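Asks: This structure is in structure tokens; I'll ask about it shortly.
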Amino acid sequence: MYLGFRGKDPCLVQAVQNPNRIYTVGGKNPSGKFHVIRGLSLGFLFYSDFIEKGVDQMGLKIYCNGVFVPEEEAKVSVFDHGFLYGDGIFEGIRAYHGRVFKLDEHLKRLYESAKSIRLTIGITKDQMQEIILETLRRNGLKDAYIRLVVSRGKGDLGLDPNKCPQAAIYCIADQIKLFEQSTYEHGLAVKTVAIRRNNPDTLSPRIKSLNYLNNILAKIEANLSGAMEGVLLNQEGYVTEGTGDNIFIYRNGVLMTPPRSVGILEGVTRNSTLEIASEMGIKVSEELFTRHDLYTADECFLTGTAAELIPVIDVDGREIGDGVPGPIFKQLLAEFRALTLINGPKIYSVESATAR
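Throughout the sequence shown, residue numbering follows this note's numbering, covering 50 to 405 in sequence.
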């Protein structure tokens, strides 16, 4: 079959399997020149992304403040206040099976974070949603991790946000794997760290800001101890959350997680877990608890967009429960994964057997 592309010579189109994305298409025209056309997804072609490269040379397409560019051309100004000061916000979002999971909830949190720091994003939630969906389409992705970043934008070397006339928006979509499959099956060990969670009166963890130094310092401490993840306490010694995830324990027949007031990010996966547990008839409680409660819990697990639900079998050298992922965790993980099949807007208007 020959197809013409905007005045180019006809191109014999063939499907080329890419293990990470929707099939890419390409072929040779009658003169023998090889072309690759990104985006034969779901039965139609995107003409906007025609490049003459081999499949292995093709990188990601990044939404970079108004335009889609190859990843090697995605640039941030050295005067951007997100780069200079961490002045901005972000969201980590997941796409499963051609749907963007809990997208409304993620966008709601993004815009609430922006309002809290007096950052004018400059576009509507519907427009932001389309940026996310189009980023996935341009990269031929069906299952992916999306990083949406809104910085204060370009200013001067001072920290005055009034010197930044316009926010900058970036969207990256790619695949991610924080933990091996064996970790979900066998669990992981975590360490409570000495560094304390930011005081909510100083810098609220409910704002998903670009400044993650508190989390990074905790992660460094966990790494040095040999643990895969760290758990932070607040100034009063109550358990708050992990370095990039919320924490749950199941103890005395109750599924418990720290309340927002203790100093946590109100995770989308956390809230989904609470909803699923309630629907399953599991008693849930958002309440304060200490390391003692953590050590003596029957089960423990972490939740997060990137991590999903991950079981914890050891805290500070104390075995949790029987030292294996428990039945409550397994039930919740199964229900969560079932929910990802049906929740969220579709990325593509037509299904495709070749989507990855």
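The beta carbon of each residue, even a glycine, is placed where N, CA and C say it ideally should be.
All figures in this text were calculated on a predicted structure; none of them were measured in a lab.
1) I'd like to know if the region 289-300 and the region 310-317 are in contact, where contact means that at least 3 CB-CB pairs between them fall below 8 angstroms.
2) Mind checking residue 136: buried by the 16 CB within 10 Å criterion, or exposed?
3) Quick one, which of 373, 377 and 223 has its alpha-carbon nearest residue 231's?
4) Please determine, among 286, 119 and 378, the residue with the shortest C-alpha to C-alpha distance to residue 188.
5) When DSSP labels each residue in this structure, what does residue 177 get in the three-state scheme?
6) Can you tell me whether residue 386 is buried or exposed? The criterion is at least 16 other CB atoms within 10 Å of its CB, across all chains shown.
7) Looking at the unbroken beta strand (DSSP E) that takes in residue 297, where does it start and where does it end?
8) If we ignore side chains and look at the alpha-carbon of each, how far apart do residue 322 and residue 381 end up?
9) Restricting to Cα atoms, I'd like to know which of 365, 146 and 132 is closest to residue 399.
10) Quick check: the Cα distance between residue 253 and residue 312, rounded to an integer number of angstroms?
11) Relative to the ligand ADP, is the shortest distance from any of its heavy atoms to the C-beta of residue 122 smaller than 8 angstroms?
12) Are the beta-carbon atoms belonging to residue 218 and residue 190 less than 9 angstroms from one another?
13) Spell out whether any CB of chain C is found under 9 angstroms from the CB atom of residue 311.
14) Here's the rule I'm using: 16 or more other beta-carbon atoms within 10 Å means buried, otherwise exposed. How should residue 87 be labelled?
15) Taking residue 301 as the reference, which of 329, 370, 134 and 178 has the closest Cα?
16) Alpha carbon to alpha carbon, how far is residue 354 from residue 205?
17) So for residue 310, helix, strand or coil by DSSP?
18) Below 7 angstroms CB to CB, which residues in the same chain sit around residue 352 once its five sequence neighbours on both sides are set aside?
19) Could you name the residues of the same chain whose beta carbon sits closer than 6 angstroms to that of residue 299, not counting the 5 residues immediately before and after it, in chain order?
20) Here's the rule I'm using: 16 or more other beta-carbon atoms within 10 Å means buried, otherwise exposed. How should residue 307 be labelled?
21) For residue 144, count neighbouring Cβ atoms within 10 angstroms of its own Cβ and tell me buried if that reaches 16, exposed if not.
22) Would you kindly work out how many angstroms separate the C-alpha atoms of residue 246 and residue 291, rounded to a whole number?
23) Near residue 165, which residues of its chain fall below 6 angstroms by C-beta distance, leaving aside the five closest residues on each side in sequence?
24) Start and end of the alpha helix (DSSP H) containing residue 157?
25) Per the DSSP calculation, residue 108 is bridged to which residue(s)?
26) Which residues does DSSP pair with residue 119 in a beta bridge?
27) Smallest Cα separation from residue 271: which of 244, 226 and 174?
28) So what does residue 455 bridge to, in DSSP terms?
29) Are the Cβ atoms of residue 139 and residue 184 separated by less than 9 angstroms?
30) For residue 327, collect the residues of the same chain with a Cβ closer than 8 angstroms to its Cβ; drop the 5 residues on either side in sequence, then sort them by chain order.
31) Start and end of the alpha helix (DSSP H) containing residue 384?
32) Using the Cβ count rule (16 or more neighbours within 10 Å means buried), how would you classify residue 268?
Replies: This is what the structure gives:
1) In this structure the region 289-300 touches the region 310-317; the number of beta carbon pairs closer than 8 angstroms is three or more.
2) When all chains shown are included, residue 136 counts as buried.
3) Measuring from the Cα of residue 231, the nearest candidate turns out to be 373.
4) When each option's Cα is compared against that of residue 188, the closest is 119.
5) Residue state, collapsed to three classes: helix.
6) With fewer than 16 other Cβ atoms from the protein chains shown falling within 10 Å of its own Cβ, residue 386 counts as exposed.
7) Unbroken beta strand (DSSP E) run through residue 297: 295-300.
8) Going by C-alpha positions, residue 322 is about 7 angstroms away from residue 381.
9) Measuring from the Cα of residue 399, the nearest candidate turns out to be 146.
10) Taking the straight line from one Cα to the other gives about 7 angstroms.
11) Here there are no bound small molecules, and the ligand ADP is not part of this structure.
12) Using a Cβ distance threshold of 9 angstroms, residue 218 and residue 190 do not count as a contacting pair.
13) The question asks about chain C, but that chain is absent: this structure has only one protein chain.
14) Because residue 87 sits at a pLDDT of 37, beneath the cut-off of 50, its placement in the model cannot be relied upon, and the following sentence gives the value as read from the coordinates. That one is buried.
15) The shortest C-alpha separation from residue 301 is found at 370.
16) Near 34 angstroms, if we compare the C-alpha coordinates of residue 205 and residue 354.
17) Looking at residue 310 - three-state DSSP - the assignment turns out to be helix.
18) 294, 295, 297, 316, 318, 319, 322 and 358.
19) Counting only residues of its own chain and dropping the five nearest sequence neighbours on each side, residue 299 has a CB closer than 6 angstroms to the CB of 347, 348 and 377.
20) Buried.
21) Here residue 144 is buried, its C-beta having at least 16 other C-beta atoms within 10 Å.
22) Our two residues, residue 246 and residue 291, have alpha carbons roughly 10 angstroms apart in a direct line.
23) Hits under 6 angstroms: 256.
24) Residues 152-165.
25) Beta-bridge pairing links residue 108 to no other residue.
26) Looking at the DSSP assignment, residue 119 forms a beta bridge with 110.
27) Looking at the Cα atoms, 244 is the closest of the given residues.
28) The chain is shown only over 50 to 405; residue 455 falls outside these bounds and no answer can be derived.
29) For residue 139 and residue 184, no; Cβs fall outside 9 angstroms.
30) Shown here for residue 327: same chain residues with a beta carbon closer than 8 angstroms to its own, the five before and five after excluded, namely 333 in chain order.
31) In this chain, the alpha helix (DSSP H) harbouring residue 384 covers 376-389.
32) With 16 or more Cβ atoms within 10 Å of its Cβ, residue 268 is classed as buried.
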